[in-house]
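Residue numbers (the numbering used here): 1 to 181.
This is the structure:
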């Protein structure tokens, strides 16, 4: 099986949940997961092979190529795949607290999420999908129709602007010229 690298995203600090899922997939597909996730050496591997595999520079370099420069500044000293992974988790994984482990908190987060105009649309969508994924992980399935409505609601401030554009485009003069009233 060949990895589809064109769909991999870089970790920018706000998309950890999505990045982690995709990075884990890449590590497993490329048979690079053992040094990151294994607690002990596999029985079919010699001690020397395991040491070479675990300390391989290519593995931590492979992971680091999928992080943004602002993230790289925090992890550039890590030279071991498992410690690098743990550091990323420590820095960017949501903390397990009563507040964000709570289903109510996640639903409130979903309902109050708003698009920030300076934010790239992809980053906003990743945050939205991250919340949906966390809810799914807690056993709450949000139907596609409800997801769509919630996503539209995140753009509520822009709706007024969209209305103004539509009004200008379809002004009374234009409508009367084209037989719409």
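By construction, the Cβ of each residue, glycine as well, lies at the ideal position given by its N, Cα and C atoms.
These numbers come from a predicted model, not from an experiment.
- With a threshold of 16 other beta carbon atoms within 10 Å, residue 71 meets it and is buried.
- By the 16-neighbour rule on beta-carbons within 10 angstroms, residue 31 is exposed.
- Assigned with DSSP and collapsed to three states, residue 152 falls in helix.
- The alpha-carbon of residue 35 is positioned some 24 Å away from that of residue 69.
- DSSP, read as helix, strand or coil, puts residue 142 in coil.
- Each residue's CA atom was taken as its position, placing residue 146 and residue 134 some 16 Å apart.
- In the three-state DSSP reduction, residue 27 falls in the helix class (H, G or I).
- The three-state reading of DSSP puts residue 113 in coil, since its state is none of H, G, I, E or B.
- By alpha-carbon distance to residue 59, the top candidate from 125, 120, 24, 119 is 24.
- Exclusion of the five residues before and after residue 75 leaves 64, 67, 84, 87, 88, 91 as the residues of its chain whose Cβ lies within less than 8 Å of its Cβ.
- Separation of residue 37 and residue 110 (C-alpha to C-alpha, rounded to the nearest whole angstrom) is 31 Å.
- In its chain, beyond the 5 residues on either side, 132, 135 have a beta carbon closer than 7 Å to the beta carbon of residue 142.
- A check of alpha carbon separations from residue 78 across 56, 93, 94 identifies 56 as the nearest.
- If you look at residue 85, you'll find it in the alpha helix (DSSP H) that goes 81 to 92.
- A check of alpha carbon separations from residue 138 across 126, 61, 158, 102 identifies 102 as the nearest.
- Here residue 11 carries a strand assignment [DSSP, helix/strand/coil].
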